[in-house]
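A.B. asks: Once you've had a glance at the structure underneath, I'll fire off some questions.
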Amino acid sequence: MVRQRLDLFGKNLVHGTVELHGSAVMEVEIPPTDAMRLDLWFVPDVAKRRSAPVFTGALRAITSEPTVIEIWSDTVDKREFHDSFYKRHAWLRVLEMREKRALPIPWLWHICAGKPQSVADGFDFRQIDGLSGCYTTATRDWHVSIVVVGELPKTRDTVLLRLLGHPPVRRQALREIDAMPDDAWEKDLATGWVRRVQFDLHDPNRCRMGS
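Under the working numbering, the residues of the sequence shown are numbered 15 to 225, in order.
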């Protein structure tokens with residue numbers, strides 16, 4: 015039940031955030047069978063971005079182009095990592111059939127609470143310059159990156175992503191959000207989902223999810 019609540023919270027929080035800058039669809043089924051699903055499919059929208067809060071850091075990188083987003087309450091293992099490439103390829107073929115033309119390979123972002131060390135070592139992931147906690151492969155043509163939530167800097171532009179971290183990281187992010195003005199867009203976006211999955215925004219130490 016804890017993992018289910020974390021998954022629900024993570025998917026909806028990221029969906030609500032990236033949707034400010036484009037079109038986002040959650041739990042995307044890959045035809046012709048519903049056996050495969052993407053956590054999130056995102057396509058940027060220049061018009062929406064103009065009137066939305068400015069994204070910097072990891073959020074800006076994630077929303078810079080059409081992107082498959084997979085969200086993990088812990089880490090992704092090697093088998094799951096391989097599967098994500100297969101799902102992205104299958105989804106790309108669906109999009110190309112709809113558009114009746116070849117399309118660029120979408121970027122694939124894994125958002126993980128902790129660092130998937132075996133994946134990072136096996137696929138030669140390296141930190142992205144200027145983006146603490148964000149990694150990509152030495153060979154850019156893989157079109158894949160990882161956010162390690164526990165390594166993100168404690169700044170306002172990472173606070174929503176840090177809600178997806180392990181309990182100590184999440185509690186710190188909750189305290190920061192609680193201290194924000196009531197009209198802060200991050201607070202407005204996060205509060206509903208925090209309450210729905212039984213966080214207590216005003217007393218982070220009472221967090222029941224994974225404590």
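The beta carbon of each residue, even a glycine, is placed where N, CA and C say it ideally should be.
(1) For V39, does the count of other Cβ atoms within 10 angstroms reach 16, so buried, or fall short, so exposed?
(2) How long is the line joining the alpha carbons of G24 and R115, rounded to whole angstroms?
(3) Are the Cβ atoms of A187 and L177 separated by less than 7 Å?
(4) Return the CA-CA distance between D197 and I191, expressed in angstroms with no decimal places.
(5) So what does DSSP say about D53, is it helix, strand or coil?
(6) Whole angstroms are fine: how far does the CA of L175 sit from the CA of H28?
(7) Would you mind stating whether V161 and A72 have Cβ atoms separated by less than 7 Å?
(8) From the DSSP output, which residues share a beta bridge with H157?
(9) Look at G36 and K62 and say whether their C-beta atoms are less than 7 Å apart.
(10) What's the C-alpha gap between F95 and R74?
(11) What ranges does the alpha helix (DSSP H) occupy inside the stretch 50-90, keeping only unbroken runs of at least 4 residues that lie completely in it?
(12) Tell me the DSSP secondary structure of R140 in three-state form.
(13) Applying the 10 Å Cβ sphere with the 16-neighbour rule, what's the burial state of Y149?
(14) Using CA atoms only, rank isn't needed, just tell me which of R184, V173, C126 and V68 is closest to S78.
C.D. replies: To lay it out plainly:
(1) exposed
(2) 33 Å
(3) yes
(4) 11 Å
(5) strand
(6) Residue identity check: residue 28 is Val in the sequence provided, not His. One C-alpha to the other measures close to 8 Å.
(7) yes
(8) Answer by DSSP bridge pairing: none, since H157 is not bridged.
(9) yes
(10) 23 Å
(11) 60-64 and 71-76
(12) strand
(13) buried
(14) V68
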